[in-house]
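First up is the structure itself, then whatever we jot down about it.
Residue numbers (the working numbering), protein chains in the order written: chain B, 61 to 548; chain C, -5 to 502.
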């Protein structure tokens, strides 16, 4: 009876798992470079196919009971569809940039695209989960693939270190999350989001409050929000750059979307209980992200702190706990993903004569004179991340501030806005090094065509031309975010 | 609505030309930039000619609902018209003044053209958020201009400029978000008539003040200006002093005064206090400077204080005076920076005592420099006089003390400007290299002569400049009338004598 509908709603996940397993089997035989490339392209095509399957749900604004699958364990609603589309695009981009990077180290193996596919599958489950256990299954599937990906360069010590660190700390966070889930279950008697929401209406007991706090802490780790951010710079720096590109984009979307769903759907009736937690985490992330980035001389570490900083801004939207705030977060994510992918792609393009990767701040000195277009691309992304109008990154900050102001949290918006000036400093520093300093002419290696195209399209998106999509984006995000709130 | 979208075209011309300059080599970039800025100047003249003085308050309106939450909405009144004229007038001169720039000319010209588009956008925007975007985005090209083509301390100066102004502006953004949430519109003309709750007005006013006071700049947040001026290349200083500083004054007259009239009255004491300190203190600081650009930068702060005093006089004279001071200062300080640039290009130093006796070997230069010095001092017949006189007459009706202290600024202004002039142009030729400098070349004539003409025009027949904005000033004054604080002047309009008597008096 319902099986047909359930299978139909979960079609994208099914496609990913079937193709993932098939490619895994295939990769056992196909271990040459050419095979790895072919499998990568197949994985990209699969992601595009999954996107095509997912898009209608967003377009039609599917919500409520129509979207539930497998007896309410998963929901293929518009919100999940929006997050999944972002995840698929981000994952596809990080697949495309990989071969050129790994070839240099003779490490392009067919397992890479397969692992990414499984991680994406996990993320798809995360954002569709309407039950704490489904949530956990999705989260772990994603995390386990991610741990392996972080250590993908087996011969590189830093990569192995990053994988191990990520694993140990990630396991700890999962433990915290599970503890929170068990408390929540104990005090509400259910693990379904709708049931939790109903059970928590009215007065919240101390135990349930503890459960909520632990669940949020576990999730804060996954989105690398302060004070659970420590792992981020190390993992981002150590992991191979294409993997870092992936970590900074797709899982971030998944974890943030998951946090939104948990906070707004499961704990939505107790918004007052978590609003102050989220406000604190938001401001702390903005500040620590900004201050931590100032002293960095490694570009990947810098972008890691920048991602902590950006998560803080997105959480400002969550703190306002309104449909507008949730929509603002989705807008921010939509802008953040191309921004961060563009940033890492630009780093991937920094190579010396022998094709070795460069990632130091000193290496890009005077880049605007030796590689003007690369400098322009990275420069646009930096201005955009700093939130300086007329670059499109401004719009993301704008909408989250707007949601906070409209929700009556003017102080939060004002504090975040002032803190964004601190953040502007280190983005400007990158600009300064590229444009004001004397050239050192270290970046001489040829870059991959695909990288160039990706960076160019990201730069165009964050340029003022991006504003032209704001109308459609607002409509879509409002549809998607509206799903999380009871119909009016 | 079907009219030619001249404002959008004025924005598009420099933008497209800027893109072209990015691709072009040095020589071609200079040509493109000059042609584009001249074309924009021509469009500006058309704009002025077509502007219906005494007609509708908002003219040349365009509106395209392109974006979510705000729209591409342009339109100008008399105040914006004059500031746009100032911008497009100075831009070709800036391009001419950039002869000494020899590295990365294409990018340099692109930054300037982008700057021009953004400046026009600031004055023409009729949507609150669109205004903010233009207002903030102006930081980017200026940051690059100072940082790439500036002097030795350029990096410190560019950071200071950027972060100071950004910090001021973000608070304004939050205030704007609140306003739009409250009023339900982003349309600036509508907001100018919207009555915000007086208690909220105080906060909003302070947030806008944070932005405009830095931009203006007012004492004590003026310290970025001398640094930025000294390090910026000549043309950068010209644009900074000529137009960017006017954005602060424009902000006060467009936003703070008409949108928050009661808060403006409540905080008039703050403006008066800071302005009085600025007039006296920065003038004294200017007196002891040994660097020409720094001296002029401090004099800018003092002049801008006269602007704020005039704006917060809440009457026609004060507002008109403030506007004329802004326009006049835009011309005069730009010209003074150009004059500094002329001799800097020859001797590569801004130290005042490296020069001397220039009136002997550079008589024409000394003549023009004298004219601009006098205009800066406020000599009758020059633009400076009209503006300062009106501003001070305006504030005198409001507060004798403020008028008294501000007037000392005129005296001190005369002191530091004449002292500067004496050290540079008069006296013996102490430095052989300075004595060997050649007089103005045709390019420099082309830069300075139009400004000199404009300064004299504004000084002799200010009506050309007062007429377009008369209606707008009146509208603002009417908006302020209800809440304006009582002045101490006991001002009473005298009765005009009967017609016959006046004629008899005239016959004497």
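Note that beta-carbon positions come from the ideal geometry of N, C-alpha and C, so glycine has one too. These numbers were taken from a predicted model, which means no experiment stands behind them.
Beta-carbon spacing of residue 186 (chain C), residue 253 (chain C) below 8 Å: A contact, by the Cβ cut-off of 8 Å.
Through-space distance from residue 141 (chain C) to residue 218 (chain C), alpha-carbon basis: Annotation: residue 218 (chain C) to residue 141 (chain C) spans about 14 Å, alpha carbon to alpha carbon.
Among B:400, B:333, B:418 and B:411, the one whose alpha carbon lies nearest that of residue 380 (chain B): B:333
Backbone CA spacing between residue 501 (chain C) and residue 491 (chain C) [nearest angstrom]: The predicted model places residue 501 (chain C) with a pLDDT of 48, which falls under 50 and marks its position as unreliable; any figure quoted below should be read in that light. In this structure, the straight-line span from the alpha carbon of residue 501 (chain C) to that of residue 491 (chain C) is close to 15 Å.
CA-to-CA distance, residue 183 (chain C) to residue 346 (chain B), given in whole angstroms: 36 Å
Chain-ordered neighbours of residue 156 (chain C) on chain B, where CB pairs are closer than 8 Å: 484 and 488
From B:444, B:502, B:467 and B:229, residue whose alpha carbon lies closest to that of residue 525 (chain B): If we check each option's Cα against that of residue 525 (chain B), B:444 comes out closest.
Assigned secondary structure, residue 347 (chain C) (DSSP; H/G/I helix, E/B strand, else coil): helix
Beta-carbon proximity list for residue 424 (chain B), same chain, < 7 Å, skipping 5 on both sides: 410, 493, 494 and 503
Distance, residue 197 (chain C) Cα to residue 82 (chain C) Cα: 35 Å
Local conformation of residue 212 (chain B) per DSSP, three classes: Coil at residue 212 (chain B), not helix or strand.
Residues of its chain near residue 176 (chain B), where Cβ-Cβ distance is below 8 Å and the 5 sequence neighbours each way are ignored: 103, 151, 154, 155, 205, 209 and 306
Unbroken beta strand (DSSP E) run spanning residue 66 (chain C), endpoints: 66 to 70
Interface flag, residue 171 (chain C) vs chain D, CB-CB below 8 Å: Here the protein chains are B and C, and chain D is not one of them.
Minimum length 4: unbroken alpha helix (DSSP H) runs contained in the stretch 69 to 104 of chain B: 71 to 89
Which of helix, strand or coil DSSP assigns to residue 249 (chain B): coil
Buried versus exposed, by CB contacts within 10 Å (16 or more), residue 378 (chain C): buried
Partners in chain C for residue 534 (chain B), counting only beta-carbon separations shorter than 8 Å: 62 and 63
Start-end ranges of the alpha helix (DSSP H) lying completely within the stretch 15 to 85 of chain C, minimum 4 residues: 20 to 44
Beta carbon proximity, residue 74 (chain B) to chain C, threshold 8 Å: no
Proximity to residue 179 (chain B) [Cα-Cα], best of B:261, B:201, B:141 and B:268: B:201
Residue 135 (chain B), DSSP secondary structure in three states: strand
From B:531, B:539, B:509 and B:374, residue whose alpha carbon lies closest to that of residue 60 (chain C): Out of B:531, B:539, B:509 and B:374, the CA that lies nearest to the CA of residue 60 (chain C) is found in B:531.
Chain-order list of residues whose beta-carbon lies under 8 Å from that of residue 134 (chain C) (same chain, five-residue window excluded): 108
Three-state secondary structure assigned by DSSP to residue 355 (chain C): In the three-state reduction of the DSSP assignment, residue 355 (chain C) falls in the helix class, which pools H, G and I.
Sequence-distant residues of its chain with Cβ nearer than 6 Å to residue 428 (chain B) (five each side left out): 435, 494 and 495
Spatial distance of residue 364 (chain C) from residue 474 (chain B) (CA atoms): 48 Å
Cβ pair residue 161 (chain B), residue 293 (chain B) closer than 8 Å: no
Segment limits, alpha helix (DSSP H) that includes residue 175 (chain C): Its alpha helix (DSSP H) spans residues 148 to 177.
Nearest-angstrom Cα separation, counted from residue 212 (chain C) out to residue 344 (chain B): 33 Å
Straight-line gap, residue 348 (chain C) to residue 286 (chain C) (C-alpha atoms, nearest Å): 11 Å
Residues of its chain near residue 97 (chain B), where Cβ-Cβ distance is below 6 Å and the 5 sequence neighbours each way are ignored: In its chain, beyond the 5 residues on either side, 159 have a beta carbon closer than 6 Å to the beta carbon of residue 97 (chain B).
Meets three-Cβ-pair contact criterion under 8 Å: the stretch 307 to 321 of chain C and the stretch 351 to 371 of chain C: no
Any C-beta of chain C under 8 Å from that of residue 480 (chain B): yes
Three CB pairs or more closer than 8 Å across the stretch 180 to 191 of chain B and the stretch 129 to 136 of chain B: With the cut-off at 8 Å, the stretch 180 to 191 of chain B and the stretch 129 to 136 of chain B touch.
Sequence-distant residues of its chain with Cβ nearer than 6 Å to residue 406 (chain C) (five each side left out): 277
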